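In UniProt numbering, the protein residues as written are 1 to 289.
By construction, the Cβ of each residue, glycine as well, lies at the ideal position given by its N, Cα and C atoms.
In this text the structure is predicted, and so the values were computed from the model without any measurement.
Below is one structure, written out as structure tokens; the observations come after it.
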């Protein structure tokens, strides 16, 4: 789904999930965001030699961390649940935020967020129930998230996400090295996490979603704290991406726990294609229906 430092109408919060990163991404929880150009990231072998290599096994729900080639930390994780799977591949650390909130998933906190993809997949602190439970992000215990945040950098860290089970540090090392050689900055065609399907809720007066075969596609652009905030975000988005103006806007009230949120959605023919273009441009978005 993909920190609390907000921009663009205070809605540029972390793209994640309720305990996975915010707005722009596949959609993970961290939300998609445009990464600034930087130095070439290390390959897997280079990260093992003089850097940080993080290996995540989805099958084992485990993480193994190497520092300068030596095992440094092992931890349980919780990756994407069915329908929101975490993509396998090789990833750099694109961005780090100590405090981050998702603007796709009701302002969910994502402490010690480290973004892996522009689509919102990230490593962050969150609940670990013992099985895959996130919206695509990699959740780790709070203490592990904090230690990793202090250890890694955007220049010397490579993350490998595997489908295979891993039972030891040495096996993690060998499976990572066996991955097709490619710069960590070029993920090995990670499959995007599926978009979450949200339960329908009554729209605010005057903002009902259009009905009919020509308007079957709906996308979500934000989860704001007030209708005014959602309106401001819509105005900002339409100003930057004029093609959104052809869609019908809706602001949908929703209650998560004891908190009230307002989901900004747009509907119309071709909405899913526009959402894909927005995500590629670093804008938070996911398909609803």
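Three-way DSSP call (helix, strand, coil) for residue 220 in this model: Residue state, collapsed to three classes: strand.
Assigned secondary structure, residue 244 (DSSP; H/G/I helix, E/B strand, else coil): Reduced to three states, the DSSP call for residue 244 is helix.
Selected residue, minimal CA-CA separation from residue 92, among 234, 160 and 127: Closest by alpha carbon: 160.
Pair within 8 Å by beta-carbon distance, residue 274 and residue 236: In this structure, residue 236 does not lie closer than 8 Å to residue 274 by Cβ.
CB of residue 86 within 8 Å of CB of residue 138, strictly: For residue 86 and residue 138, yes; Cβs fall inside 8 Å.
Segment limits, alpha helix (DSSP H) that includes residue 146: Residue 146 -> alpha helix (DSSP H) spans 142–151.
Under 8 Å between C-beta atoms of residue 61 and residue 132: Closer than 8 Å, so yes.
Beta carbon of residue 290 nearer than 8 Å to that of residue 80: Outside the shown range of the chain, which is 1 to 289, sits residue 290, and nothing can be said about it.
Residue 73 and residue 173 closer than 8 Å at C-beta: Not a contact, by the Cβ cut-off of 8 Å.
With 16 other Cβ atoms within 10 Å as the buried cut-off, status of residue 78: With 16 or more other Cβ atoms from the protein chains shown falling within 10 Å of its own Cβ, residue 78 counts as buried.
Residue 144 beta carbon less than 8 Å from that of residue 55: The Cβ-Cβ distance between residue 55 and residue 144 does not fall below 8 Å.
Straight-line gap, residue 223 to residue 153 (C-alpha atoms, nearest Å): Near 30 Å, if we compare the C-alpha coordinates of residue 153 and residue 223.
Nearest to residue 118 (by Cα), restricted to the options 230, 171, 264 and 280: If we check each option's Cα against that of residue 118, 280 comes out closest.
Which listed residue (95, 42 and 287) has its alpha carbon closest to that of residue 156: Closest in C-alpha terms to residue 156, from the list 95, 42 and 287, comes 42.
Simplified DSSP assignment, three categories, for residue 89: Three-state DSSP puts residue 89 in a strand.
DSSP beta-bridge partners of residue 166: DSSP output for residue 166 lists no bridge partner at all.
Limits of the unbroken alpha helix (DSSP H) element including residue 272: Under the DSSP assignment, residue 272 falls in the alpha helix (DSSP H) whose first and last residues are 271–280.
Endpoints, the beta strand (DSSP E) within which residue 122 is located: For residue 122, the enclosing beta strand (DSSP E) begins and ends at 122–125.
Span of the beta strand (DSSP E) around residue 264: Per DSSP, residue 264 is one residue of the beta strand (DSSP E) stretching across 259–267.
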